[in-house]
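>
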Amino acid sequence: MLLRHGNRTVSVDVLVDALWDGRPPRSAQSNLRVYAHHLRRALGADDRLVWESPGYRLRVCQGELDAHRFEDLLARGRDARRGGDLLATSTLLREAHSLWRGPAYEGLADSPHLADEAERLAELHLAAIEERLSADLDLGRHRDLVPELRTLTAEHPLREPFCALLVLALYRSARQAEALEAYQEARGTLVAELGVEPGPQLRALHQAILEEDPGLDTARSLVSVPEAARAEPPALAPPRQLPLDVSMFTGREAELARLDRLLPRPEEPADMVIASVSGTAGVGKTALAVHWAHRVGDHFPDGLLFTDLCGFGSTGRPARVEDVLNGFLRALGVPPAAIPLPLEERAALFRTRLNGRRVLIVLDNAATSGQVRWLLPGSPGCRVVVTSRNRMSGLMAREGAHDVPVDLLSLADALALLRRVTRPELVDTEPEAAVELARRCAFLPLALRLAAELAALRPGFTMAELTRELAGTRDRLALLAAADDETTTVREALSWSYEVLDPQTARAFRLLGLHPGQDISLAAAAALFNAGGTRTAELLAALTRVHLIQETARGRYRFHDLLKDYAADRADADEPREGRQAALRRLLTWYLHSALAVDRVLMPWRRRVPVDPPDPVCEVAVLESAGAAVKWCETERLNMMAVADHAARTGHDEVAWKLPFTLWSYFYVSTRWDDWIASHHLALQVARRSGERYGESLLLTSLANAHREIHRHDEAFDRFHEAIALSQEIGEPWVEAAARTLLCMSHRDLRQHDAAFGHGRAALKIFAKIGDPWGRAWALHQLGETYADVPRNDEAVDHLRQALTLFGEIDDRMGRSRVLSILGRIHRNRGRFEEAAGYARQALAVARELGSRQSEASALYTLGDVQYDTGQLPAARRSWGHALAIFEQLGAPQAAKVRERIRQAR
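Residue numbers (this note's numbering): 434 to 1339.
Okay, here's the thing in structure tokens:
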């Protein structure tokens, strides 16, 4: 409410009415005073929230409130459009859009005091999107806009400007038939929903397309656009990956000025520039880099990329450069299937995507120059900031990186930071004690912030009393670090915050140090603490309030790397060995069972490895759809890779090999080939080390399938044959049958049909013998598809119908959808169009029921072919258009094939 009316007084009556929905308790006004007191402390400054009769006023500075910044960017974008600067319009409105993280006042908009403002902002947001898309169209970016516009028209089918933009983008992309189809679809929706015809703008556009009006040609509107604007456009949604800016950032004026001098300047020759920000642990390197990046973000309209390279700290091994490039390329809009596997090719593609663009890349916590070198762009408009505890001398020598050393805070800045985080009078009335406290914190920002937070928790303490108490902890802290450890004083400061925690919160803090990943979810923390969700949330909130952890997103928490180290130290020192082992076992088991929940959703009939039931308090992820399962895995991906690695290194062999194998279905669906292969190589070592021959056979089969997917056929065949030999040796026919089914696919990919038939028939025989209907269905499916390739259509149909019956009996809808699509294709090739259309429509219905977009698009494509063959041209174009939209959204290679089919059908 105070931010809604920023810089204006909000009366007590209005606040009370809003907070208690018109039914306030008797203590409402006294409660409100308490809330105001806590809010002042949280904001860290008394002059932020002031009492002005008849209520409170919250001071908001220019650019601080996202809503204000959004409206400012929108106004500047509109001014640029009126001035004819389309490129500036697009850039400003993209940045305005990037500020949105969901609906305005999400979760609060039902309040009558906020509903009007939420509705106003939502309308401005849609208007900003429309105006940005219009500018992008005039910049010649029509082809790149089509997928985004299809999504917007689906979400807002009654908003005619989006429909008009889609029609125009399709027309300018030489897709006239699809443009007309999009108009008819929009008209049909308006008539059906509202009983009205399209407005004059949309009708005029439709008529102009029918008349092939040359005024619709985008070339005319590009006459006055600078030549630079015609280069390859940036991704439709420029990445904005920076973490939150540091609250109450203090000092560092010289370092910020040094970084400012590295910004691109029009009057100077353009070069790609690197800044190497180096300094000791806890000195504030990351805070400086992130603060500067936020400050200069306007200079980089094409994106702000950020990654933690994990070079130092106990978060695991340094990040793999291949994984970092994978993440950057996905953020820049490269479809997963188009990302090459070799490191050299990924780096080259990364440089290509950044060519001609202005992107700022922050590489935090680097270990070596070699780790960074692969991540450097070649574009002169880009800037790179590298932070490390080491001086990047290699980058300075070879790439000309600029050295930006970060030293300890000056005394003046240290005192200023203490004044901002505590109460100014606490420092001003006892300057000598404040100086002593700064000295004991070694002038390190991290230590100073923690000490200041401790002062805030002791409102009755003077600065001198606080300093004397902290000085008495030295003997008890001797075990934390060696005498020559550069972080000794930091660890003392950390201990001050730890020592004042209540026992349960302190235990929660040290147990978090056992987590091997980069961040942790509330549910994973509950397993670690052996506590319920509510209690876990309370403990995490308590740690967040004293800045020992940070909440990076709703329900996700993260340590500073020094705090992670310290928490692990406290776990070793203060937590009994049995307690540490039990907590880690609960955590690893939670990840394994959550992965099993994913697998059950993505491939419900796949054979799974036996796993002991989870602890009763362990709340495993509840996933109701394939989309939710994949989204959960994407969020936890790095953690699960770290957990598997940690389990392998600490002797938790069962988790170390079962977790990667359980993730097979996720790896397959998400095309995470790197994770699939790397995790399985490690799991295979563990299985062999621990004598898990059954696990070894499963992992060999899965690993072979990964190599098959990326067309490394020789490696795939080697692994498949190893798996078959081992499964025969240990008497596991299911593994042999699964391997032979996949071998059938591999040989069919290479047009080696005789070998494919041999393995498919052998797999079918084994699955029948052991009574596995799911396996039989997939073997029949693969044989049927192989017969269709030859082609021997009668045998293909016979096998596929048998597979369809089995999939129906076990309710495997994914299998049914795939078989139905193949049957539709076969019947179309045989000229039996009515049956082909029936199969395609059944496949489409099942795919939509499942939410499988890829299967839906494939069924639509087949249906469009059948409709075209039977003279139903408008219906065919409609089906192909829907298929194309989905393939484009997925970044699937089939999009080009559908596009060509539409072109040929004109």
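Glycine included, every Cβ here is placed at the ideal spot set by N, Cα and C.
Just so we're clear, the structure is a prediction, and the values are computed from it rather than from any experiment.
In this structure, does DSSP put R1209 in helix, strand or coil?
As a working mapping, residue 1209 is identified with position 776 in the sequence shown. Here R1209 sits in helix by DSSP.
> Give the DSSP-derived three-state secondary structure of T855 in the structure shown.
Looking up residue 855 in the sequence shown gives position 422. If DSSP states are grouped into helix, strand and coil, T855 belongs with coil.
> How do the stretch 1040-1047 and the stretch 1089-1099 stand: do at least 3 beta-carbon pairs fall below 8 Å, yes or no?
Taking 8 Å as the limit for Cβ pairs, the verdict is that the stretch 1089-1099 does touch the stretch 1040-1047.
> Can you look up F595 in the DSSP assignment and give me helix, strand or coil?
Start at 1 with the first residue of the sequence shown, and residue 595 comes out as number 162. In the structure shown, F595 sits in a helix (DSSP, three-state: H, G or I).
> Determine the extent of the alpha helix (DSSP H) in which G1241 is found, giving its start and end residues.
For the purposes of this step, residue 1241 is taken as the residue at position 808 of the sequence shown. It spans 1226-1243 - the alpha helix (DSSP H) in which G1241 sits, taken as one unbroken run.
> Start and end of the alpha helix (DSSP H) containing R784?
To locate residue 784, count along the sequence shown from 1; it is residue 351. Per DSSP, R784 belongs to the alpha helix (DSSP H) from 776-787.
> Just to confirm the assignment, what range does the alpha helix (DSSP H) spanning E485 have?
Reading the sequence shown from its first residue, position 52 is the one you call residue 485. Per DSSP, E485 belongs to no alpha helix (DSSP H); it is in the beta strand (DSSP E), 482-485.
> Give me the residue from A1054, S711, S954 with the minimum Cα distance to Y990.
For this step, residue 990 is matched to residue 557 along the sequence shown. That would be S954, whose Cα lies nearest to the Cα of Y990.
> Suppose only complete runs of 3+ residues qualify. What are the beta strand (DSSP E) ranges in the stretch 444-481, listed by chain order?
Fully enclosed beta strand (DSSP E) runs of 3 or longer: not present.
> Enumerated in chain order, which unbroken segments of the alpha helix (DSSP H) with a length of 4 residues or greater are wholly contained in the stretch 812-851?
Within the stretch 812-851, the complete alpha helix (DSSP H) runs of at least 4 residues are 826-832.
> Between R636, V723, R691, E630, which has its C-alpha nearest Q674's C-alpha?
Against the sequence shown, residue 674 aligns to sequence position 241. Taking only the C-alpha atoms, the option nearest Q674 is V723.
> Whole beta strand (DSSP E) runs in the stretch 700-761 with 3 or more residues, listed along the chain?
Listed in chain order, they are 706-711, 737-741.
> Mind checking whether the beta-carbon of S486 lies closer than 6 Å to any heavy atom of the ligand HEM?
The ligand HEM is not among the ligands present in this structure, which contains no ligands whatsoever.
> Measure the alpha-carbon distance for R474 versus G540 and round it to whole angstroms.
Residue numbering aside, residue 474 sits at position 41 when the sequence shown is read from its first letter. Residue numbering aside, residue 540 sits at position 107 when the sequence shown is read from its first letter. Their Cα atoms are separated by approximately 25 Å.
> Output the distance between the C-alpha atoms of G1124 and V1076, rounded to the nearest integer angstrom.
Stepping through the sequence shown from its first residue, residue 1124 is reached at position 691. Stepping through the sequence shown from its first residue, residue 1076 is reached at position 643. One C-alpha to the other measures close to 21 Å.
> On the three-state DSSP scale, how would you describe T1303?
As a working note, residue 1303 is residue 870 in the sequence shown. Residue state, collapsed to three classes: coil.
> So, with DSSP's three-state summary, where would you put G488?
Translated into the one-based positions of the sequence shown, residue 488 becomes position 55. G488: strand per DSSP, three-state reduction.
> Please return the same chain residues whose Cβ sits closer than 7 Å to the Cβ of A1280, not counting the five positions on each side in sequence.
One-based indexing of the sequence shown puts residue 1280 at position 847. S1250, S1288, E1289, A1292, listed in sequence order.
> Determine the extent of the beta strand (DSSP E) in which V795 is found, giving its start and end residues.
Taking the first residue of the sequence shown as position 1, residue 795 is located at position 362. First-last of the beta strand (DSSP E) with V795: 793-797.
> Name the DSSP beta bridge partners of T442, please?
For this step, residue 442 is matched to residue 9 along the sequence shown. According to DSSP, which records beta bridges pairwise, T442 is partnered with R490.
> Going residue by residue through the stretch 1253-1295, where are the continuous beta strand (DSSP E) segments of at least 3 residues, counting only ones entirely within it?
If we require 3 residues or more, the stretch 1253-1295 turns out to have no beta strand (DSSP E) run fully inside it.
> Can you name, in chain order, every residue of its own chain whose Cβ lies under 8 Å from the Cβ of D505, other than the five neighbours on each side?
Stepping through the sequence shown from its first residue, residue 505 is reached at position 72. Closer than 8 Å at the Cβ level, and outside the excluded window around D505, lie G496.
> In its own chain, which residues sit with a C-beta less than 8 Å from the C-beta of R582, not counting the 5 before and 5 after it?
Translated into positions along the sequence shown, residue 582 becomes position 149. Just to set this straight, residue 582 is Leu in the shown sequence, not Arg. These residues qualify, in order along the chain: L566, F595, L598, L599, A602.
> Decide if G712 is buried, meaning its Cβ has at least 16 other Cβ atoms within 10 Å, or exposed.
As a working note, residue 712 is residue 279 in the sequence shown. Buried, because 16 or more other Cβ atoms sit within 10 Å of the Cβ of G712.
> Taking the beta carbon of H1079 as the centre, do at least 16 other beta carbons fall within 10 Å, making it buried, or is it exposed?
On the sequence shown, residue 1079 is found 646 positions in, with the first residue counted as 1. With 16 or more Cβ atoms within 10 Å of its Cβ, H1079 is classed as buried.
> For the alpha helix (DSSP H) that contains E556, what are its first and last residues?
By 1-based counting over the sequence shown, the position of residue 556 is 123. Looking at the DSSP string, the run of the alpha helix (DSSP H) that includes E556 is 548-571.
> Taking C-alpha atoms, which residue in L695, D1245, G760, T801 lies nearest to F745?
For the purposes of this step, residue 745 is taken as the residue at position 312 of the sequence shown. It is T801.
> Ignore the nearest five residues each way along the sequence and tell me which others in E1067's own chain have a CB closer than 8 Å to its CB.
As a position in the sequence shown, residue 1067 is number 634, starting the count at 1. Excluding sequence neighbours, E1067 sits near S1103.
> Please state the DSSP three-state secondary structure of E497.
Mapped onto the sequence shown, residue 497 falls at position 64. Three-state DSSP puts E497 in coil, outside helix and strand.
> Applying the criterion that 16 or more other CB atoms from any shown protein chain within 10 Å of the CB defines a buried residue, is E588 buried or exposed?
For the purposes of this step, residue 588 is taken as residue 155 along the sequence shown, with counting starting at 1. Label assigned to E588: exposed.
> Quick one: what does DSSP say T1104 is sitting in, helix, strand or coil?
Residue numbering aside, residue 1104 sits at position 671 when the sequence shown is read from its first letter. T1104: coil per DSSP, three-state reduction.
> State buried or exposed for T969, treating a residue as buried only when at least 16 other CB atoms are found within 10 Å of its CB.
On the sequence shown, residue 969 is found 536 positions in, with the first residue counted as 1. With 16 or more other Cβ atoms within 10 Å, it is buried.
> Am I right that L1253 and L1237 are in contact with their C-beta atoms under 8 Å? What's the rounded C-beta distance?
By 1-based counting over the sequence shown, the position of residue 1253 is 820. By 1-based counting over the sequence shown, the position of residue 1237 is 804. Sure, about 7 Å apart at Cβ, within 8 Å.
> Taking contact to mean at least 3 C-beta pairs separated by less than 8 Å, is the stretch 850-869 in contact with the stretch 825-835?
Touching, no, given that fewer than three Cβ pairs across the two stretches are closer than 8 Å.
> Cβ of L947 within 7 Å of Cβ of A1015?
Locating residue 947 in the sequence shown gives position 514, where the first residue counts as 1. Locating residue 1015 in the sequence shown gives position 582, where the first residue counts as 1. Their beta carbons are not under 7 Å apart, which means L947 does not touch A1015 by this criterion.
> Is the separation between the beta-carbon of R1019 and that of D1048 shorter than 7 Å?
Position 586 of the sequence shown, counted from the start, is the residue given in the question as residue 1019. Position 615 of the sequence shown, counted from the start, is the residue given in the question as residue 1048. In this structure, D1048 lies closer than 7 Å to R1019 by Cβ.
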